[in-house]
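Peer 1: Take a look at this one; I'll ask things after.
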Amino acid sequence: MSILVPFKAYRPTSDNVKEIASRPYDVLNAKEAREICKDNPNSFYRVIKPELEFADDADHYAPEVYKKGKENFDRLVNENLMIQDESENFYAYQIIMNGHKQTGLVGCCAIDDYFNNIIKKHELTRPDKEEDRKNHVRYSKLNYEPVFFAYPHVNSIDELVADVKNAEPVYDITTDDGLQHTLWVISDTDKVAAIKDLFKAQVPSIYVADGHHRTAAGALVGEEFRNEVSGNATDGGRYNYFMAVLFPDNQLKIIDYNRVAKDLNGMDEATFVTKISEKFDVEETEGQYKPNALHHFGMYLNNKWYKLVAKEGTYNDNDPVEVLDVTILSKQVLEPLLNIVDLRTDKRIDFVGGIRGLGELEKRVNSGEMKVAFALNPVSMQQLMDISDNDMIMPPKVTWFEPKLRSGLFVHEL
Numbered sequence: 031m032s033i034l035v036p037f038k039a040y041r042p043t044s045d046n047v048k049e050i051a052s053r054p055y056d057v058l059n060a061k062e063a064r065e066i067c068k069d070n071p072n073s074f075y076r077v078i079k080p081e082l083e084f085a086d087d088a089d090h091y092a093p094e095v096y097k098k099g100k101e102n103f104d105r106l107v108n109e110n111l112m113i114q115d116e117s118e119n120f121y122a123y124q125i126i127m128n129g130h131k132q133t134g135l136v137g138c139c140a141i142d143d144y145f146n147n148i149i150k151k152h153e154l155t156r157p158d159k160e161e162d163r164k165n166h167v168r169y170s171k172l173n174y175e176p177v178f179f180a181y182p183h184v185n186s187i188d189e190l191v192a193d194v195k196n197a198e199p200v201y202d203i204t205t206d207d208g209l210q211h212t213l214w215v216i217s218d219t220d221k222v223a224a225i226k227d228l229f230k231a232q233v234p235s236i237y238v239a240d241g242h243h244r245t246a247a248g249a250l251v252g253e254e255f256r257n258e259v260s261g262n263a264t265d266g267g268r269y270n271y272f273m274a275v276l277f278p279d280n281q282l283k284i285i286d287y288n289r290v291a292k293d294l295n296g297m298d299e300a301t302f303v304t305k306i307s308e309k310f311d312v313e314e315t316e317g318q319y320k321p322n323a324l325h326h327f328g329m330y331l332n333n334k335w336y337k338l339v340a341k342e343g344t345y346n347d348n349d350p351v352e353v354l355d356v357t358i359l360s361k362q363v364l365e366p367l368l369n370i371v372d373l374r375t376d377k378r379i380d381f382v383g384g385i386r387g388l389g390e391l392e393k394r395v396n397s398g399e400m401k402v403a404f405a406l407n408p409v410s411m412q413q414l415m416d417i418s419d420n421d422m423i424m425p426p427k428v429t430w431f432e433p434k435l436r437s438g439l440f441v442h443e444l
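The working numbering applies: residue 31 is where the sequence shown begins, and numbers increase by one.
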């Protein structure tokens, strides 16, 4: 069963929370972050993306970059813009986006739950990205950003969180992207104990939704620190835990993650459509086609939208990975027809989050940058959990969760 423990978060003061809080580190590059916070010395981007304070041609993975992030965090604390809570608390964190509401618990998960596979993964990590996140933890002895986890919903936990939300929140802000972020502190000792007990008794597994690199970094560097001190998981060190926000699975929203390809691998458009029709029922549509059923796809080619439905025999409904629409697209189109085999490294393919809409797919193709676009039905939380439970790996670029967490609302000290 799962371990979830409270912690003494560093948090912005109410007067400064909107100025400090930022989007996550991985949703924009250093140049974009530099532009956004050029007039804001207190933006949390300066902590999680300290490379923005260095030249574009500088080594963004040098020790001084990570040290700069810690220096910027220390300044926020020293100037009392962020203050550490005096007691070990849980926190309830609600995000509202376009009417969609989800509320998670902020706490710390055990690094041993990661090693013992209580925390379930569904993606491979890239060594370079993992090392970058590990260095942030090594140089700061902090978890700057939480991992985004899901757990099988439990009515008793839902009821407890609903009760917490009857109190006055410590933050209730609407950010420039239109998202509403609300935070409640759970300091009542009975509620804190109840949350720990409920996770231990009723949550058999926790699932990484977004943040495999941060998860690996939190667990592996925590283990490094533990081995330096005692090597004992029960030594009481905060490095035995890393920060996460855990949402019940039935509140989460996965949106589509679409594909665009640069060329047709030497084929003309008519030949390509003919080849596609061997594996799919193909129908030209009036206007955009957004798939809304399993094994249905939209294709945009030469100013036309097509509805594609995978034919029997092109998928295996009894295999958690083979049943995925992204797998069907790769095995029936990208690999055999377009010769796009490795989605992680092939420069002829790109990925477009569904939050940008089908218009973005049209734009990429109409500009001449890309030749064909594919719109996919999003995977479900149940599919993600089935794959994770079977210790299987999803293909790259499958899950896109919205809304994203805000960074800088809480920080965990190891």
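The C-beta atom is built at its ideal place from N, Cα and C for all residues, glycine as well.
Please report the straight-line C-alpha distance between A197 and A122, rounded to a whole angstrom.
Peer 2: Cα to Cα, the separation comes out at about 11 Å.
Peer 1: Based on Cα-Cα distance, which residue from P54, D355, V136 and K427 lies nearest to K226?
Peer 2: For K226, the nearest C-alpha among the options comes from V136.
Peer 1: Could you tell me the distance, in whole angstroms, from the CA atom of S217 to the CA atom of E109?
Peer 2: In a straight line, the C-alpha of S217 is about 25 Å away from that of E109.
Peer 1: When burial is assigned at 16 or more other CB atoms within 10 Å of the CB, is I370 buried or exposed?
Peer 2: So I370 ends up on the buried side.
Peer 1: Does the separation of the CB atoms of G129 and I285 fall below 9 Å?
Peer 2: Result no, Cβ atoms of G129 and I285 do not sit closer than 9 Å.
Peer 1: Just verifying my parser: in three-state terms, what is the DSSP assignment at R394?
Peer 2: R394: helix per DSSP, three-state reduction.
Peer 1: So what does DSSP say about Y144, is it helix, strand or coil?
Peer 2: Correct three-state label for Y144: helix.
Peer 1: Go to V167, then tell me how far its alpha helix (DSSP H) extends in each direction, as first and last residue.
Peer 2: Where V167 is concerned, the enclosing alpha helix (DSSP H) stretches over P157 to S170.
Peer 1: Helix, strand or coil: which one does DSSP assign to Q318?
Peer 2: Here Q318 sits in coil by DSSP.
Peer 1: Would you list the residues sitting across from S34 in a DSSP beta bridge?
Peer 2: Looking at the sequence provided, one finds Leu at residue 34 rather than Ser. Answer is C139, bridged to L34.
Peer 1: Find out if the Cβ-Cβ distance for the pair Y269, F37 is shorter than 9 Å.
Peer 2: Against a cut-off of 9 Å, the Cβ pair of F37 and Y269 comes out as no contact.
Peer 1: With 16 as the cutoff for other CB atoms within 10 Å, does M31 come out buried or exposed?
Peer 2: The residue in question, M31, is exposed, as its Cβ has fewer than 16 Cβ neighbours within 10 Å.
Peer 1: Using alpha carbons as the reference points, say which of E175, W214, T204 and Y181 lies closest to A449.
Peer 2: Since the first residue of the chain shown is 31 and the last is 444, residue 449 is not available in this structure.
Peer 1: How big is the Cα-Cα spacing for T245 and L276?
Peer 2: Using only the alpha carbons, I get a separation of about 13 Å.
Peer 1: Helix, strand or coil for T133 per DSSP?
Peer 2: If DSSP states are grouped into helix, strand and coil, T133 belongs with the strands.
Peer 1: What's the gap between the Cα of K230 and the Cα of L250?
Peer 2: The alpha-carbon atoms of K230 and L250 are separated by roughly 23 Å.
Peer 1: If you drop the 5 nearest sequence neighbours on each side, which residues of the same chain put their C-beta closer than 7 Å to that of N70?
Peer 2: Counting only Cβ-Cβ distances below 7 Å, and skipping sequence neighbours, we find E49.
Peer 1: Applying the 10 Å Cβ sphere with the 16-neighbour rule, what's the burial state of Q24?
Peer 2: Residue 24 falls outside the range modelled here, since the chain spans only 31 to 444, and no answer is possible.
Peer 1: Identify which residue in L331, L373, K309 and E81 has its Cα closest to the Cα of M400.
Peer 2: Cα-wise, what sits closest to M400 is L331.
Peer 1: Buried or exposed: which applies to I125, given that a residue is buried once 16 or more other Cβ atoms fall within 10 Å of its Cβ?
Peer 2: Buried, by the Cβ-count rule.
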